[in-house]
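Colleague: Read top to bottom, the protein sequences are chains L, V and U.
Residue numbering for the first sequence follows the numbering used here, starting at 238 and increasing by one per position.
Residue numbering for the second sequence follows the numbering used here, starting at 22 and increasing by one per position.
Residue numbering for the third sequence follows the numbering used here, starting at 8 and increasing by one per position.
Glycine is no exception: its CB is placed at the ideal position from the N, C-alpha and C atoms.
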Amino acid sequence: MKNARNVAVTLAIFVGTLVLWEAVVRVFSIPIFILPPPSQVALALWRGIASGLYVNHLGYTLVETLLGFVVGSLLGFFLGTAVAMNRWVEFFLYPYIVMFQSLPKVALAPLIVVWFGLGLTSKVINAALVAFFPLLVNTMVGLKSADEDRVSLMRSLAASDHQIFWMLRLPNALPFVMAGLDVAMIFALIGAIVAEFVGAQRGLGMLIQSMNFNMDVSGQFSILLILSFVGLLLNRAIMMIRKRIMFWDPSEKQAIETSPEEAAPAAGRRVITPAKEGVGS
Amino acid sequence: MKRFIVCSLVLALVAVLAQSAPADTKIRVGWCAKTVSSAAAPFAIAMKMGWYKAAGIEVELVPLPGSSACTQAVATKEVPFALPSVEPLAIAIRQGVKAKIYYTAYQGNIYGIAVPADSAIQKISDLKGKTVGVISMGSAGVPVAKALVATAGLNPESDVTIVVAGEGAQTAAMVRSKQVDALSQYDTQYAMVENAGVKLRLLDTREIDRYPANGFLSLDETLKSRRADAVALAKGYAMGTVFAIANPEAAVKILYEVFPQTKPTGKDEATAIRDDVKVLGARIVNWKLDKAGVKRWGENSETNYAAYADFMQKYGIIKEKVSAKDLITNDLIADINRFDAAKVTAEAKSYK
Amino acid sequence: MAIATEAITVRNLSKTYATRDGAVVALDRTTFGVGEGEFVAVVGPSGCGKSTLLKILAGILTSSSGDALLRGTLIAGPRRDIGVVFQSPVLFPWRTVLDNVLLPVDVQRLGRERHHQVGIDLLNLVGLRGFERKYPWELSGGMQQRVAITRALVHDPAMLLMDEPFGALDAMTREHMNLELQRIWLERRKTVLFITHSIPEAVFLADRVLVMTPRPGRLLDDVRVKLTRPRSLDVMNTPEFGAHVHHIRHLFNAQGRLDA
Numbered sequence: 238m239k240n241a242r243n244v245a246v247t248l249a250i251f252v253g254t255l256v257l258w259e260a261v262v263r264v265f266s267i268p269i270f271i272l273p274p275p276s277q278v279a280l281a282l283w284r285g286i287a288s289g290l291y292v293n294h295l296g297y298t299l300v301e302t303l304l305g306f307v308v309g310s311l312l313g314f315f316l317g318t319a320v321a322m323n324r325w326v327e328f329f330l331y332p333y334i335v336m337f338q339s340l341p342k343v344a345l346a347p348l349i350v351v352w353f354g355l356g357l358t359s360k361v362i363n364a365a366l367v368a369f370f371p372l373l374v375n376t377m378v379g380l381k382s383a384d385e386d387r388v389s390l391m392r393s394l395a396a397s398d399h400q401i402f403w404m405l406r407l408p409n410a411l412p413f414v415m416a417g418l419d420v421a422m423i424f425a426l427i428g429a430i431v432a433e434f435v436g437a438q439r440g441l442g443m444l445i446q447s448m449n450f451n452m453d454v455s456g457q458f459s460i461l462l463i464l465s466f467v468g469l470l471l472n473r474a475i476m477m478i479r480k481r482i483m484f485w486d487p488s489e490k491q492a493i494e495t496s497p498e499e500a501a502p503a504a505g506r507r508v509i510t511p512a513k514e515g516v517g518s
Numbered sequence: 022m023k024r025f026i027v028c029s030l031v032l033a034l035v036a037v038l039a040q041s042a043p044a045d046t047k048i049r050v051g052w053c054a055k056t057v058s059s060a061a062a063p064f065a066i067a068m069k070m071g072w073y074k075a076a077g078i079e080v081e082l083v084p085l086p087g088s089s090a091c092t093q094a095v096a097t098k099e100v101p102f103a104l105p106s107v108e109p110l111a112i113a114i115r116q117g118v119k120a121k122i123y124y125t126a127y128q129g130n131i132y133g134i135a136v137p138a139d140s141a142i143q144k145i146s147d148l149k150g151k152t153v154g155v156i157s158m159g160s161a162g163v164p165v166a167k168a169l170v171a172t173a174g175l176n177p178e179s180d181v182t183i184v185v186a187g188e189g190a191q192t193a194a195m196v197r198s199k200q201v202d203a204l205s206q207y208d209t210q211y212a213m214v215e216n217a218g219v220k221l222r223l224l225d226t227r228e229i230d231r232y233p234a235n236g237f238l239s240l241d242e243t244l245k246s247r248r249a250d251a252v253a254l255a256k257g258y259a260m261g262t263v264f265a266i267a268n269p270e271a272a273v274k275i276l277y278e279v280f281p282q283t284k285p286t287g288k289d290e291a292t293a294i295r296d297d298v299k300v301l302g303a304r305i306v307n308w309k310l311d312k313a314g315v316k317r318w319g320e321n322s323e324t325n326y327a328a329y330a331d332f333m334q335k336y337g338i339i340k341e342k343v344s345a346k347d348l349i350t351n352d353l354i355a356d357i358n359r360f361d362a363a364k365v366t367a368e369a370k371s372y373k
Numbered sequence: 008m009a010i011a012t013e014a015i016t017v018r019n020l021s022k023t024y025a026t027r028d029g030a031v032v033a034l035d036r037t038t039f040g041v042g043e044g045e046f047v048a049v050v051g052p053s054g055c056g057k058s059t060l061l062k063i064l065a066g067i068l069t070s071s072s073g074d075a076l077l078r079g080t081l082i083a084g085p086r087r088d089i090g091v092v093f094q095s096p097v098l099f100p101w102r103t104v105l106d107n108v109l110l111p112v113d114v115q116r117l118g119r120e121r122h123h124q125v126g127i128d129l130l131n132l133v134g135l136r137g138f139e140r141k142y143p144w145e146l147s148g149g150m151q152q153r154v155a156i157t158r159a160l161v162h163d164p165a166m167l168l169m170d171e172p173f174g175a176l177d178a179m180t181r182e183h184m185n186l187e188l189q190r191i192w193l194e195r196r197k198t199v200l201f202i203t204h205s206i207p208e209a210v211f212l213a214d215r216v217l218v219m220t221p222r223p224g225r226l227l228d229d230v231r232v233k234l235t236r237p238r239s240l241d242v243m244n245t246p247e248f249g250a251h252v253h254h255i256r257h258l259f260n261a262q263g264r265l266d267a
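(1) If contacts are defined as beta-carbon pairs under 8 Å, then U:Val32 and U:Thr23 qualify, I think. What distance do you get, rounded to the angstrom?
(2) Is DSSP giving V:Leu221 helix, strand or coil here?
(3) Within this structure, are the beta carbons of V:Asp250 and V:Ile78 separated by less than 8 Å?
(4) Whether or not the region 340–351 of chain L and the region 427–437 of chain L are in contact is what I'm after, with contact meaning three or more pairs of Cβ atoms, one per stretch, closer than 8 Å; do they touch?
(5) If I measure Cβ to Cβ from L:Ile423 and keep anything under 8 Å in the same chain, skipping five residues before and after, which residues do I get?
(6) So for V:Asp331, helix, strand or coil by DSSP?
(7) Measuring CB to CB, does U:Val161 end up less than 8 Å from U:Pro221?
(8) Between which residues of its own chain and V:Ile357 is the CB-CB distance below 7 Å, once the five residues before and five after are set aside?
(9) Comparing alpha-carbon positions, which option in V:Glu99, V:Val136, V:Thr92 lies nearest V:Gly117?
(10) Could you check whether the region 442–451 of chain L touches the region 55–63 of chain V, counting it as contact only if at least three pairs of C-beta atoms, one from each stretch, sit closer than 8 Å?
(11) Please list, in chain order, all residues of the same chain as L:Leu316 whose beta carbon is under 6 Å from its beta carbon, the five residues on each side excluded.
(12) Could you run through the region 450–474 of chain L and flag, in chain order, every residue whose CB is less than 7 Å away from some CB of chain V?
(13) Please list, in chain order, the chain L residues whose beta carbon lies closer than 7 Å to that of V:Pro177.
(14) Given a limit of 9 Å on CB to CB distance, which residues of the region 63–81 of chain U reach chain L?
(15) Quick one: any contact between the region 136–144 of chain V and the region 215–222 of chain V, if contact means 3 or more CB pairs under 8 Å?
(16) For a contact defined as C-beta to C-beta under 7 Å, what are the partners of L:Gln400 on chain U?
(17) Per DSSP, U:Ser72 is paired with what?
(18) Counting Cβ pairs, one atom from each stretch, are 3 or more of them under 8 Å apart for the region 71–89 of chain V and the region 306–313 of chain V?
(19) Could you tell me which chain L residues have their CB closer than 9 Å to the CB of V:Glu341, listed as they occur along the chain?
(20) Exposed or buried, which one is U:Ala83 when buried takes at least 16 other CB atoms within 10 Å?
(21) Using a Cβ-Cβ cut-off of less than 8 Å, give me the residues of the region 380–408 of chain L that come near chain U, in sequence order.
(22) Got a sec? Which residues, its chain only, sit under 6 Å from U:Gly174 by beta carbon, not counting five neighbours each side?
(23) Indicate whether at least one CB of chain L lies closer than 8 Å to the CB of V:Val83.
(24) Below 8 Å, can you find three or more Cβ-Cβ pairs linking the region 101–114 of chain V to the region 226–244 of chain V?
(25) Going by DSSP in three states, L:Leu372 sits in which element: helix, strand or coil?
(26) Counting only the same chain and skipping the five closest in sequence on each side, list residues whose C-beta sits under 6 Å from that of L:Ala410.
(27) When the distance is taken between beta carbons, is U:Phe138 closer than 8 Å to U:Leu129?
(28) My parser needs the beta strand (DSSP E) runs of 3 or more residues fully inside the region 24–73 of chain U; what are they?
(29) Determine which residues of the region 257–284 of chain L have a Cβ less than 7 Å from any Cβ of chain V, and write them out in chain order.
(30) Should U:Lys233 be labelled buried (16 or more other beta-carbon atoms within 10 Å of its own) or exposed?
(31) Threshold first: 3 residues or longer. Then list the beta strand (DSSP E) segments lying entirely within the region 83–162 of chain U, N to C.
(32) Report the neighbours of L:Met448 on chain V: residues whose CB is nearer than 9 Å to its CB, in chain order.
(33) Pull up the distance between the alpha-carbon of U:Ala30 and that of U:Leu20, whole angstroms please.
(34) Grab the span of the alpha helix (DSSP H) containing V:Asp296 for me, first residue to last.
(35) Straight-line CA distance for U:Arg256 to L:Tyr331?
(36) Have a look at L:Asn293 and V:Lys144 and give me their C-alpha separation to the nearest angstrom.
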């Protein structure tokens, strides 16, 4: 509910938190390398953006994230489909999938950097590895979640397995896949940053490392701000895509259970009176 | 449709991954720390002043996590040159690696033990039962700490506890909260911690002061086949060193320009420069030639290396004796020093 | 014995399930016939085999013994000339109403261009004119079920199987839908097998009512409904109607079984 009062309160809470933070740092003389005050963070943010430094490195991190997201999601989707649709694939692959899933992917990052170097490749691979699992699992679950009644309906129409897949299972799995993409995007960002931490010459993660070395904690905070903003933007982008593709998903819409006399309000502007609906309504 | 998307993605990937071929010879040099810091100023200066370009080379610093990783990268030919400390080389030689330090960059030892200024610890033997913080378990600070402790007659394995204090902010925080009693790190690190307001005091470690720290490393075969590149690399660095010693403030400014990520966003420019000049000052002490008693830039003092090799063997950093001749070569020093130091100094002093 | 104009023939049809507690006879040697264009209701309590019967006729369940024929050919699996309406509408939420109606056309590749108008005409017939582009969530339960019925008719099937299609609707909507179904059927005259456990509904809609009893599931009687059409809701208050209902109920009582 957006009204002026709510906006004002939200703003007040935000500003209040900043003021409190600044006060605490000053009153307790907290060293800047432990907790910098918001004023310094804001200055660091300004300097970093104005000099083009942040934008430059953000570009690299974004490319790594997006590439990793695409590669990881595609792989996860295809493998998930193979596992869900083929008993043999599921039987032989699934134990490995579960094992691999339990492994904290970030622990692999140092190996990835050793194998693939300091450049773009290792970051994309690490991002893809982390983004892969939400898609794999969600695709699997989504494809298997087709309503039994709908499957019976298709069978009663003498539909082939192939048709059942394309016309029922796949569209049905879409909400799950979209939810997976949502998570995968953020995971890809995390994967890219972690790999940059391990070893990189470019990117926001590298900058954080560098600033850590140089004790520029205000700078680090300012980059964290940028990262959370970027994460938010990426998330919103996925949600927008989701809204367009999945207009039919029940979680997006309310199912309307009314009798014909009342008619469906969403159906539109005109009120459907019984006389218009047909004989004997 | 799917195939099209996959193809264009692959193409995009290839395009991004492909390195464009430069006109000059591109030289990858292993920088043995994860981040490029003010100690890389000589490189920045050589790049900015066009000295590398004049020699027909383009230098790329490749950050690697520590001297061991650097030495390994040279041994496996991943990079042709690197700037590591000498201990990993001493170990690698035993494994059949044929490489040499052909230019000593830090003539004085940059490593040492530091304690909080108000600490009760006065000498190495006071470290008994205490914790010593290093940057990471792979850092040279670990064997240095252990060896120093041994020189004081203590048992390095049981009498001190070595912990990871991390870099920069972590180290400062741990010292401040007294989670570590001492640090085994190096000159620029200590300067940065002091810049942050945590005062330190260096313990007397004169035994190791003479021992050389980092130098340019390369495989014997590379020194033969790419001699000109090796000379150009080191010469530019030498000139950059002279420049930095003459005008540290200009050096820092050039560093910020060539490596923008070294310029802190959390400080205003004047403070940043002032702090980094202090840090650079700590390294300048060890760049100067009088530390090792040599006359030419990069000259590898056989005496000092021999003494260090003995020290390393005596205190278990390396298992078997290594001769200084196996570690160093002075063959390129003459060519490296073919520049006018006075001219460089003048250029530095007049730099705007 | 098959009659020449018989649309559906069921001969000694049986189905036994193996369960944890032993074999359950869901359907026991059932035999009957349905003529072309006849509306036959099947009524009985739970477990009397009516759903099993429908599934076998739909080709999605195989019998243990006996056979079922549609227009003389054996029903051995899913067929393209059958239309099925389930208890819930089972519409695909990502398809518009018209797309849902045309689902059989898409699956059986009968050609959208030819059947597009058929779908629209049928929707008009069931009273959903103007709703072609709407999505299922925009429709009420009764409207959705009408879409399901339309879908079952779009490919002009030889027989229409309806498994308690109005069971999920409220009583008033249900009465309304009964009238609607009668209207549609009078218009198109399909052969219909209609499963219900409401005796009044069976009597109202059908030409004949097959009475089935459970444990084991079998056909008890075949009652002809002698009421003229079209039947209005008022017919349900007439003594003739009551007599039919009473007769059927009595059949159940005699068996000592009346669950609903």
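Modeller: Let me spell this out:
(1) The residue given as residue 32 of chain U occupies position 25 in the third sequence. The residue given as residue 23 of chain U occupies position 16 in the third sequence. Going by Cβ atoms, the distance from U:Val32 to U:Thr23 rounds to 5 Å, so yes, they are a contact pair.
(2) One-based indexing of the second sequence puts residue 221 of chain V at position 200. The answer is strand: DSSP assigns V:Leu221 an E or B state.
(3) Numbered from 1 along the second sequence, position 229 holds the residue referred to as residue 250 of chain V. Numbered from 1 along the second sequence, position 57 holds the residue referred to as residue 78 of chain V. Contact flag set, yes.
(4) yes
(5) Residue mapping note: residue 423 of chain L aligns to position 186 of the first sequence, counting from 1. Hits under 8 Å: Gly468, Leu471, Asn472.
(6) As a first step, residue 331 of chain V is located in the second sequence; it is residue number 310 there, counting from the start. Residue state, collapsed to three classes: helix.
(7) One-based indexing of the third sequence puts residue 161 of chain U at position 154. One-based indexing of the third sequence puts residue 221 of chain U at position 214. The answer is no: Cβ separation not under 8 Å.
(8) Along the second sequence, one-based indexing puts residue 357 of chain V at 336. If we look at V:Ile357 and ignore the five residues flanking it on each side, its Cβ neighbours are Tyr124, Val252, Ala255, Lys256, Ala259, Trp318, Gly319.
(9) Translated into positions along the second sequence, residue 117 of chain V becomes position 96. V:Gly117 has its Cα closest to that of V:Thr92, out of V:Glu99, V:Val136, V:Thr92.
(10) yes
(11) As a first step, residue 316 of chain L is located in the first sequence; it is residue number 79 there, counting from the start. Scanning its chain for C-beta atoms nearer than 6 Å, with the 5 sequence neighbours on each side dropped, one finds around L:Leu316 the residues Leu373, in chain order.
(12) Phe450, Asn451, Met452, Asp453, Val454, Ser455, Gly456, Ser459
(13) As a working mapping, residue 177 of chain V is identified with position 156 in the second sequence. The contacting residues do not exist; V:Pro177 stays about 27 Å from chain L at best.
(14) So the close ones are Ala65, Gly66, Ile67.
(15) yes
(16) On the first sequence, residue 400 of chain L is found 163 positions in, with the first residue counted as 1. The contacting residues are Val114.
(17) What you label residue 72 of chain U is simply residue 65 of the third sequence in a count that begins at 1. In DSSP, U:Ser72 forms a bridge with U:Ser21.
(18) no
(19) As a first step, residue 341 of chain V is located in the second sequence; it is residue number 320 there, counting from the start. Within chain L, no residue comes near V:Glu341; the closest Cβ sits about 28 Å away, beyond 9 Å.
(20) Taking the first residue of the third sequence as 1, we reach residue 83 of chain U at position 76. Flag for U:Ala83 reads exposed.
(21) Asp384, Asp386, Arg387, Ser389, Leu390, Met391, Arg392, Ser393, Leu394, Ala395, Ala396, Gln400, Met404, Leu405, Pro408
(22) Counting from one through the third sequence, the residue named residue 174 of chain U turns up at place 167. Once the five neighbours on either side are set aside, the close Cβ partners of U:Gly174 are Gln94.
(23) Locating residue 83 of chain V in the second sequence gives position 62, counting from the first residue. Chain L contact via Cβ: present.
(24) yes
(25) Position 135 of the first sequence, counted from the first residue, corresponds to residue 372 of chain L. Here L:Leu372 sits in helix by DSSP.
(26) In the first sequence, counting from the first residue as 1, residue 410 of chain L sits at position 173. Only Gly379, Leu380 meet the Cβ criterion.
(27) Locating residue 129 of chain U in the third sequence gives position 122, where the first residue counts as 1. Locating residue 138 of chain U in the third sequence gives position 131, where the first residue counts as 1. Their beta carbons are not under 8 Å apart, which means U:Leu129 does not touch U:Phe138 by this criterion.
(28) Taken in chain order, the unbroken stretches of beta strand (DSSP E) that lie wholly in the region 24–73 of chain U and span 3 residues or more are 29–42, 46–50.
(29) Pro268, Phe270, Ile271, Pro273, Gln277, Ala281, Arg284
(30) For the purposes of this step, residue 233 of chain U is taken as the residue at position 226 of the third sequence. U:Lys233 is exposed by the Cβ-count criterion.
(31) 89–92
(32) Looking up residue 448 of chain L in the first sequence gives position 211. Below the 9 Å Cβ cutoff, chain V contributes Thr56, Gly189, Ala190, Gln282, Pro285, Thr286, Gly287 as neighbours of L:Met448, in chain order.
(33) Position 23 of the third sequence, counting from 1, holds the residue named residue 30 of chain U. Position 13 of the third sequence, counting from 1, holds the residue named residue 20 of chain U. If you take the alpha carbons of U:Ala30 and U:Leu20, they lie about 16 Å apart.
(34) As a first step, residue 296 of chain V must be located in the second sequence, where it is residue number 275. Unbroken alpha helix (DSSP H) run through V:Asp296: 290–308.
(35) Taking the first residue of the third sequence as 1, we reach residue 256 of chain U at position 249. Taking the first residue of the first sequence as 1, we reach residue 331 of chain L at position 94. Between U:Arg256 and L:Tyr331, the C-alpha separation is close to 56 Å.
(36) Within the first sequence, residue 293 of chain L is the residue found at index 56, counting from 1. Within the second sequence, residue 144 of chain V is the residue found at index 123, counting from 1. Straight-line Cα distance between these residues: approximately 48 Å.
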